[in-house]
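FYI, in numbering that gives the first Met the number 0 the residues of the sequence shown are 0 to 361.
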Amino acid sequence: MFYCPARIIFGDNAMQKGESYLTALGKKALIVSGKTSAKLSGALGDLIDSLKRLGIGYYLFDEITENPILQDVIKGKNVMLKQGCDFVIGIGGGSPIDAAKAISLAAANNLTEDELYQIDKFLFAFPTVAIPTTSGTGTEATQYSVLTDPKTKKKAGFGHNKAFPQLSILDPCYTISLPKKVTLHTALDALSHLLEGLYSNQRSPMLFPLIFSGVEMIVKHLPIVLKDGQNLASRTELMRASLYGGMVIAQGSTTLQHSIGYPLTSEYGVPHGLANAMVMEEIMNLYQIAVKHELEQLFAATNMTKDQFFAWLRELPFDRQINISDEFIERAIPQIMASRNMALNPIAVTVEDVGRILKKLR
Ligand code: NAP
Ligand code: FE
């Protein structure tokens, strides 16, 4: 099965190509973004030009921070209802777009903070548009939204078909302004999605062409973009790989690699993609026994050996170690074991496996 109901417009001038589809979505948009990237990337300016041309009203809610929190979703819901908006447009990285999805559901079903993970209450949704400015999460093609409760420091996602964007507008030029570190961390998130699509116990050979070519694009183009952030051709391939990663995880979620990353982000502020990357090698080795044949197919298709892939990964300039406490490890293990993504692991992951991987990070 393959399900991805979003209309996806990809490439140069995507906003112009996609704008005619906006008219059918509503009369007044709540634009959801962070403080700076929507403007800096050029996406907000292009969107406002399109909305004005189409005679669609808008209100800008630019209060979403990295790893969006439940309270800001409810704030956005209240603004949306007060302003009389009838659709939502998320611009930015995964954080504002995930928040936009949650605001749409919260407003349409009048949800409280405590009900944001209660998917049985998701009866209605306002149409949602995604305009990514990072190449990482693939949220423009998924039914997921990942939110954090700052009171409990718990970061967790929900998935619901009503959270798929109706329209996603991807212009790689919006990623040119990304700093080197965010470029690297987000690309590693996309790589995690592609690999986890291969590991997942819901994997399907139908997805393998997306997975293999996505991995190949990242291996080839990430080093080029890290040297020259202005290289639009390579930025385009990273955005395409990120989209493929989203399309892949939309069919079956992520695995332990993501579950283990969430507490590292919510407790220690490790950027999402980096948290996944820190355990990438360990996870591949852990799963190897169950997905040996799939990994052989991946490496044959991408003209690499596993050792060459690991050598490539080790060359990338990211932190592998983090000084986590015993107390954190004890607290994080049950949270990780209970996470939604663990149902997709290709092997029965034990408490000991998780503890060993966490301890290796120090
Ligand atoms: P992000 O948290 O949205 O953004 C990271 C930083 O990059 C922010 O400071 C942002 O600025 C800045 N930024 C974004 N685009 C920029 C640009 N073009 N130029 C300059 N700066 C830019 O990063 P992300 O990695 O894309 O999203 C991570 C979130 O998505 C996490 O919460 C993660 O759990 C979630 N996620 C969701 C899915 C899904 O399927 N829904 C999948 C994987 C991950 P501003 O604050 O100004 O925007
Ligand atoms: Fe992710």
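Glycine is no exception: its CB is placed at the ideal position from the N, C-alpha and C atoms. Model, not experiment: these values are computed from the prediction.
Using DSSP with H/G/I as helix, E/B as strand and the rest coil, what is residue i?
i, result
"Leu80", "helix"
"Asp61", "coil"
"Asp148", "strand"
"Gly93", "helix"
"Gly10", "coil"
"Gly213", "helix"
"Gly260", "helix"
"Leu169", "strand"
"Leu29", "strand"
"Ala347", "coil"
"Gly135", "coil"
"Ile321", "coil"
"Lys34", "coil"
"Gly54", "coil"
"Ala42", "helix"
"Gly196", "helix"
"Tyr2", "coil"
"Thr182", "helix"
"Ala331", "helix"
"Phe207", "helix"
"Ala155", "strand"
"Thr127", "strand"
"Tyr143", "strand"
"Ile175", "coil"
Could you say which of the options lies nearest to residue i if we only look at CA atoms?
i, options, result
"Pro67", "Pro208, Ile332, Lys153 and Ala274", "Lys153"
"Thr64", "Tyr57, Gln82, Asp97 and Gly44", "Asp97"
"Ile259", "Met341, Thr182 and Asn302", "Met341"
"Pro178", "Thr132, Glu139, Thr151 and Asn200", "Thr132"
"Lys226", "Thr304, Gln296, Leu315 and Gly44", "Leu315"
"Glu139", "Ser167, Val145, Gly158 and Phe123", "Ser167"
"Ala101", "Ile130, Val78 and Leu146", "Leu146"
"Gly10", "Glu329, Gly135, Leu231 and Ser49", "Leu231"
"Ala129", "Glu112, Ser94, Ile356 and Gly158", "Ser94"
"Thr151", "Ala186, Asp113 and Tyr58", "Asp113"
"Gly156", "Asp325, Gln142, Leu360 and Phe211", "Gln142"
"Thr22", "Lys74, Thr127 and Leu115", "Thr127"
"Lys359", "Met336, Arg202, Glu280 and Gly75", "Glu280"
"Thr136", "Arg355, Ser36 and His184", "His184"
"Leu53", "Tyr20, Gln70, Gly33 and Leu197", "Tyr20"
"His159", "Leu169, Arg339 and His292", "Arg339"
"His192", "Gly272, Tyr116 and Tyr267", "Gly272"
"Ala162", "Lys180, Ser103, Leu194 and Asp188", "Ser103"
Verify the contact flag: residue i, CB atom, against every heavy atom of ligand 4, threshold strictly below 7 angstroms.
i, result
"Asp11", "Because ligand 4 does not appear in the structure shown, any question about it cannot be addressed here, the ligands present being ligand 1 and ligand 2."
Let me see if you follow: with CB-CB separation under 8 angstroms, is residue i close to chain B or not?
i, result
"Phe317", "The question asks about chain B, but that chain is absent: this structure has only one protein chain."
Check whether the region 238-252 touches the region 204-224, counting contact only when three or more Cβ pairs, one atom from each stretch, lie closer than 8 angstroms.
Here the region 238-252 makes contact with the region 204-224; the two share three or more CB pairs at distances below 8 angstroms.
Could you say if the region 24-31 and the region 83-91 meet the contact criterion of at least three C-beta pairs nearer than 8 angstroms?
Under the Cβ criterion (8 angstroms, minimum of three pairs), the region 24-31 counts as touching the region 83-91.
Would you be able to state if there are at least three C-beta pairs under 8 angstroms between the region 172-188 and the region 32-40?
Segments in contact, yes.
What alpha helix (DSSP H) runs, 4 residues minimum, are completely inside the region 260-317?
Residue ranges of uninterrupted alpha helix (DSSP H) with 4 or more members, entirely inside the region 260-317 and ordered along the chain, are 271-277, 279-286, 291-300 and 305-314.
Count the CB pairs spanning the region 245-262 and the region 299-317 that are closer than 8 angstroms, and state whether there are at least three.
Between the region 245-262 and the region 299-317 there are fewer than three C-beta pairs closer than 8 angstroms, too few to call the two in contact.
Given 8 angstroms, three or more beta-carbon pairs between the region 345-353 and the region 262-269:
These segments do not touch.
Would you call the region 41-55 and the region 8-25 in contact, with 3 or more CB pairs under 8 angstroms?
The region 41-55 makes contact with the region 8-25: 3 or more CB pairs, one atom from each, lie closer than 8 angstroms.
Could you tell me whether the region 102-111 touches the region 119-126, using the rule of 3 or more Cβ pairs below 8 angstroms?
Because the criterion of three Cβ pairs below 8 angstroms is met, the region 102-111 and the region 119-126 touch.
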